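**Q** Sharing a structure here in structure tokens format.
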Amino acid sequence: VAGLAGTTIPLALDRMGIDPAVASSVFLTTLTDVVGFFVFLGLAALLLF
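Going by our numbering, the sequence shown opens with residue 7, and the numbers climb by one from there.
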């Protein structure tokens with residue numbers, strides 16, 4: 007997930023005219039944290055129920 011997001015987010019920001027070096031780290035960190043959180047909750051739900 008992080009590899010795909012790390013590739014597509016800077017490309018998308020560049021097409022929108024935003025400097026990808028400044029903004030991509032914030033989006034990438036947020037995306038990987040959210041995905042990791044939901045994977046953790048999903049595994050916990052599978053193990054508990």
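Beta carbons are placed, not taken as given, at the ideal position from N, Cα and C, and that holds for glycine.
Just so you know, these numbers come straight off a predicted model, no measurement behind them.
Less than 8 Å between the C-beta atoms of Val32 and Val7, yes or no?
**A** Position 26 of the sequence shown, counted from the start, is the residue given in the question as residue 32. Position 1 of the sequence shown, counted from the start, is the residue given in the question as residue 7. Going by C-beta atoms, Val32 is not nearer than 8 Å to Val7.
**Q** Gly12: which of Leu52, Ala50, Thr35, Leu47 sits nearest, CA to CA?
**A** For this step, residue 12 is matched to residue 6 along the sequence shown. That would be Thr35, whose Cα lies nearest to the Cα of Gly12.
**Q** Suppose the cutoff is 7 Å on Cβ atoms and the five residues either side in sequence are ignored; what does the same chain contact list for Asp20 look like?
**A** What you label residue 20 is simply residue 14 of the sequence shown in a count that begins at 1. Here the set comprises Pro26.
**Q** So what does DSSP say about Gly48, is it helix, strand or coil?
**A** Here residue 48 is taken as the residue at index 42 of the sequence shown, counted from 1. Reduced to three states, the DSSP call for Gly48 is helix.
**Q** Excluding the 5 residues flanking Leu37 on each side, which residues of the same chain have their C-beta closer than 6 Å to its C-beta?
**A** The residue you call residue 37 lines up with position 31 of the sequence shown. Hits under 6 Å: Ala11.
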